[in-house]
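For the sequence shown, the numbering used here gives the first residue as 16, with consecutive numbering after it.
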Amino acid sequence: MIPHKQHHFDGVRLQLATGFDAEWIPAMWKECVTGTTQRTSRWQLPDEYGTAVFVKVYRRRPSHGLLRRLLPGRAQREGLGYIEFSNRGIDTIPLLAWGEERYWGLWERGVVVTKAVDAKTVEEEFSTSEDTELLFDTSEQLARIHGVGLSHGDPLVRNFLATRPVPTPFDLPSWSRLSRSSQRRDLIRFLGSIASLTGCLEMTADLLSRYSEQMAHLPQSEEDLLEEAQKYALEKKQT
């Protein structure tokens, strides 16, 4: 559970984790949202908090039509994803704040603020250490996520931190309740990212086998999942 409270200013409506005052929000917004075009920024909280944060910004694009701007944005959905994962016992990066900026009811920008964790992604860590057990741990963590009825939505190895005792999922704007189709999508993307990272079909198959030890049912045969994962990896390589 992530206790939180509301904080509003200048058309911005945020949810702020309990235990954090709001006086740092305007400075963070000025530096990381209006003061840069970067998607993600690292920012140091005031000294009394003793921590840094990552600020992820979603910005309005010319392609965003009226209907899309009336609906809740990806930042709002991502914040809810962190809460739902926490409620179901899946540890994620600590969430500090999330919300949207709107004018006349139309979405302009959204932010997700998380604590900066001192860890590489699974992709980065494996690229330097070739620690295969880390990949198996990540496969088991994906099975845990599915086991509590959730889907990550984009479980590439770059979207897990190489933490111990288990890898930590993050980047959750595409999360959903688990269904056969969302389980299939998660597995294809996860295994495809493994195939791209290792270049080893046998390793990819072994990781799927480890996953299936934790989950009673697969959305389709292992052979079909591995074939789809290879196609996904090839498509991503070509783009």
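Think of the CB as a built atom: it goes at the ideal place given N, C-alpha and C, for glycine as much as any other residue. Source: prediction; values computed, not measured.
In summary, G94 is buried, with 16 or more beta-carbon neighbours lying within 10 Å of its beta-carbon over all protein chains present.
A residue is called buried once 16 or more other Cβ atoms fall within 10 Å of its Cβ, and P188 is buried on that count.
Around A131, the same chain offers R57, T66, A67, V68 and F69 as residues with beta carbons nearer than 8 Å, after the five sequence neighbours per side are excluded.
The Cβ atoms of G120 and L29 do not sit closer than 8 Å to each other. Distances from the alpha-carbon of V172 to those of T213, D221 and D25 put T213 closest. In the structure shown, G207 adopts helical secondary structure according to DSSP, grouped into three states. With fewer than 16 other Cβ atoms from the protein chains shown falling within 10 Å of its own Cβ, H23 counts as exposed. A check of alpha carbon separations from A42 across T55, D186 and L60 identifies L60 as the nearest. S227 sits in a helix when the DSSP states are folded into three classes. In the DSSP annotation of this structure, E155 is not part of any beta strand (DSSP E); the continuous alpha helix (DSSP H) holding it starts and ends at T147 to G162.
Just so you know, the alpha carbons of E238 and T33 end up roughly 47 Å apart. Boundaries of the beta strand (DSSP E) harbouring T129: L121 to K130, taken from the DSSP string.
Residue range A67 to R74 is occupied by the beta strand (DSSP E) that includes A67. The beta carbon of K71 lies closer than 6 Å to those of T55 and V127 in the same chain, with the five residues before and after it left out. DSSP places P41 within a helical segment (H, G or I) once states are collapsed to three. Out of L216, F100 and A248, the CA that lies nearest to the CA of P184 is found in F100. In summary, C47 is buried, with 16 or more beta-carbon neighbours lying within 10 Å of its beta-carbon over all protein chains present.
The Cβ atoms of A177 and T136 sit closer than 8 Å to each other.
Judged by DSSP in its simplified three-state form, E63 adopts coil rather than helix or strand.
Taken through DSSP and simplified to helix, strand or coil, L85 comes out as helix.
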